[in-house]
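Asker: Add 68 to a position in the sequence shown, counting from 1, and you land on the number used in the working numbering. Here a beta-carbon is modelled for each residue, glycine too, at the ideal position from N, C-alpha and C. Here the structure is a predicted model, which means the values were calculated and not measured.
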Amino acid sequence: MMWNVPFRLAYLRHVMLLFISLFVVVNVHATVTRAHVYFWRGYTALNLSSVETWKFDATGVSYELPEASGNGQIGDRTRAELSGSNLTRYHSSDWEKLWLTNIRTWQNHGICQALAAQKEQVRHFMNDTCSARSDTSWCLIDDSIQKFWYNTLDGRIQVTKPFEVRHVSEIQGMVPKNTKIWSWFERTDMQSGTVNYDFIEPLVGHLRHPLARCASTEGDLLLVDRSYVLPGITDSKQKSFLFDAGASAWNKGAGGPSLSYFANVWKRYGFNWGHIEAWEGTTPSASFYDSVPTQWRNFTTYHQEWISTSPLKSPFLPSVIKAKTLLADYVVFKLDIDSKSVESAIVDYMLRWKYLDLIDEFLWEHHVDNYLMEPYWGSSQDMSKSIADSYEYFLELRVRGVRSHSWV
Numbered sequence: 069m070m071w072n073v074p075f076r077l078a079y080l081r082h083v084m085l086l087f088i089s090l091f092v093v094v095n096v097h098a099t100v101t102r103a104h105v106y107f108w109r110g111y112t113a114l115n116l117s118s119v120e121t122w123k124f125d126a127t128g129v130s131y132e133l134p135e136a137s138g139n140g141q142i143g144d145r146t147r148a149e150l151s152g153s154n155l156t157r158y159h160s161s162d163w164e165k166l167w168l169t170n171i172r173t174w175q176n177h178g179i180c181q182a183l184a185a186q187k188e189q190v191r192h193f194m195n196d197t198c199s200a201r202s203d204t205s206w207c208l209i210d211d212s213i214q215k216f217w218y219n220t221l222d223g224r225i226q227v228t229k230p231f232e233v234r235h236v237s238e239i240q241g242m243v244p245k246n247t248k249i250w251s252w253f254e255r256t257d258m259q260s261g262t263v264n265y266d267f268i269e270p271l272v273g274h275l276r277h278p279l280a281r282c283a284s285t286e287g288d289l290l291l292v293d294r295s296y297v298l299p300g301i302t303d304s305k306q307k308s309f310l311f312d313a314g315a316s317a318w319n320k321g322a323g324g325p326s327l328s329y330f331a332n333v334w335k336r337y338g339f340n341w342g343h344i345e346a347w348e349g350t351t352p353s354a355s356f357y358d359s360v361p362t363q364w365r366n367f368t369t370y371h372q373e374w375i376s377t378s379p380l381k382s383p384f385l386p387s388v389i390k391a392k393t394l395l396a397d398y399v400v401f402k403l404d405i406d407s408k409s410v411e412s413a414i415v416d417y418m419l420r421w422k423y424l425d426l427i428d429e430f431l432w433e434h435h436v437d438n439y440l441m442e443p444y445w446g447s448s449q450d451m452s453k454s455i456a457d458s459y460e461y462f463l464e465l466r467v468r469g470v471r472s473h474s475w476v
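#1: Closer than 8 Å is the cut-off here; do at least three beta carbon pairs connect the stretch 431-443 with the stretch 381-397?
#2: Below 8 Å on the Cβ atoms is my contact criterion, and I expect Pro329 with Ile213 to pass it. Report the Cβ-Cβ distance as a whole number of Å.
#3: Where do the ends of the beta strand (DSSP E) carrying Leu27 lie?
#4: In whole angstroms, what is the alpha-carbon distance linking Pro299 and Phe311?
#5: Is DSSP giving Asn237 helix, strand or coil here?
#6: Do you know offhand how far Leu419's Cα is from Ser412's?
#7: Could you spell out where the alpha helix (DSSP H) holding Ser353 opens and where it closes?
#8: Of all the options Trp167, Asp457, Ala185, Leu380, which has the alpha carbon lying nearest to the alpha carbon of Asp437?
#9: Determine the direct distance from the alpha carbon of Ser251 to that of Gln240, and round the result to whole angstroms.
#10: Where are the beta strand (DSSP E) runs, 3 residues long or more, that stay fully inside the stretch 402-433, in chain order?
#11: Are three or more beta carbon pairs between the stretch 463-476 and the stretch 252-272 nearer than 8 Å?
#12: Could you tell me which of Lys335, Thr228, Val190 sits nearest to Leu301, measuring between CA atoms?
#13: In angstroms with no decimal places, state the Cα-to-Cα distance between Ser472 and Ser452.
#14: Starting from Thr247, trace the alpha helix (DSSP H) both ways and give me its first and last residue.
#15: At which residues does the alpha helix (DSSP H) containing Thr173 begin and terminate?
#16: Exposed or buried, which one is Gly273 when buried takes at least 16 other CB atoms within 10 Å?
#17: If you drop the 5 nearest sequence neighbours on each side, which residues of the same chain put their C-beta closer than 7 Å to that of Ile389?
#18: Between the Cα of Ala280 and those of Ile375, Glu345, Thr262, Ala184, spot the shortest distance and give me the residue it belongs to.
#19: Pick out whichever of His434, Gly324, Ile455, Leu431 has its Cα sitting closest to the Cα of Ile142.
#20: Take Thr285 and list the residues in its own chain whose beta-carbon comes closer than 6 Å to its own, dropping the five residues that flank it on each side.
#21: If you check the beta carbons only, do Ser448 and His434 fall under 8 Å apart?
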């Protein structure tokens, strides 16, 4: 039977409307692709073995991707988190995945043995943490508090300068590129489609320097070493805030100073702090300010008081951060007051906090059941929590978009 002309026109209009509707439905979810790709560190092209895409649900805050876990292992979590116009996805490196899979076994007196079998990963990691290169195979590793020499060929560590070293380069920040060793954040600007990659140290060992208490060094050299901590990169035009809970002086502390460390090491990555605020319950204000260098006094505020575990009592640091900062600011929060109940209460609150994206970097020494640290931590250990539990905390914070670092 032949169709008349009006009927055919109506049919064509119907088909065209159907295709338009399908096009609109498909594009309700914006497909995030790796378009304009560059590193924040050196803007070097990233060579990944496979190109991944995923869908972002414009009607919600985040879109859950499949989570691999089982047999008591810590899952390799992948989740896209939206903050402002930026979509963030965290990637565990191959080395981190190895530890996520095995930490519940290795935490039972097997950490140093596991690291001894991972010489290649350790060698690559140590080489990337070199602060200055020499005219030999030795490099200098300097966290601004202590320094030592590392031989990139045979892995030797020593405090004294090797006699064969004649020339040493200037001290610089780390510029890692190895995605098998270093974990990273993938940050997508939803408006421009630009994707940035931001490296961070992997979660390995007992969450200090990987060789802390496992390498034969002079006087537990690496116990409080911070050379493994990789700061993020911030726009120099951003306002920068450092909130330090547990700072008794500018240039000293039980585990080594924190404020002088942040001032000196973060400068290697291109910026100075605009606002520093510190809390500690015992040090008098006069003593604290006497320790602050002249050039930092106008930027530093000290409170001689203990921090609170609840927003109902002041000072509660998440509330302070919310009151003083904006999403566009660069915010670093360090928590180390050697009180397991106070610290855990604050971190548990942060994981439920809807303003968590105000914090860019979080540093925390989690005192748990850790056989390697028991001689130093003693009664400050929370024996109800394991090293694997610490992994869970730091991993979840990273998945939520926070650059979380285990502190010393």
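Answerer: In short:
#1: No, the stretch 431-443 is not in contact with the stretch 381-397.
#2: The amino acid occupying residue 329 in the given sequence is Tyr; Pro does not appear at that position. Sure, about 6 Å apart at Cβ, within 8 Å.
#3: What is shown of the chain runs 69 to 476, which leaves residue 27 out entirely.
#4: Take the alpha-carbon of Pro299 and the one of Phe311: they are about 15 Å apart.
#5: With the sequence shown as reference, residue 237 is identified as Ser, and Asn is not the correct amino acid for it. DSSP places Ser237 in coil when its eight states are reduced to three.
#6: If I take the Cα positions, the gap works out to 11 Å.
#7: Taken as a continuous stretch (DSSP letters only), the alpha helix (DSSP H) holding Ser353 covers 353-359.
#8: Answer by Cα proximity: Asp457.
#9: Near 20 Å, if we compare the C-alpha coordinates of Ser251 and Gln240.
#10: As summarised for the stretch 402-433, the continuous beta strand (DSSP E) elements at least 3 residues long and confined to that stretch are 429-432, given in chain order.
#11: The stretch 463-476 vs the stretch 252-272: in contact.
#12: In the sequence on display, residue 301 carries Ile and not Leu. Minimum Cα distance to Ile301 is reached at Lys335.
#13: Cα to Cα, Ser472 sits roughly 22 Å from Ser452.
#14: Thr247 -> no alpha helix (DSSP H), and no H or E assigned at all.
#15: Run containing Thr173: 162-174, per the alpha helix (DSSP H) assignment.
#16: Around the beta-carbon of Gly273, 16 or more other beta-carbon atoms lie within 10 Å, marking it buried.
#17: So the list reads Phe311, Val399, Phe401, Leu426, Ile427, once near-sequence residues are dropped.
#18: Nearest option by C-alpha distance: Ala184.
#19: Ranking the options by Cα distance to Ile142, first place goes to Ile455.
#20: Hits under 6 Å: Ile225.
#21: No, the Cβ-Cβ distance between Ser448 and His434 is not below 8 Å.
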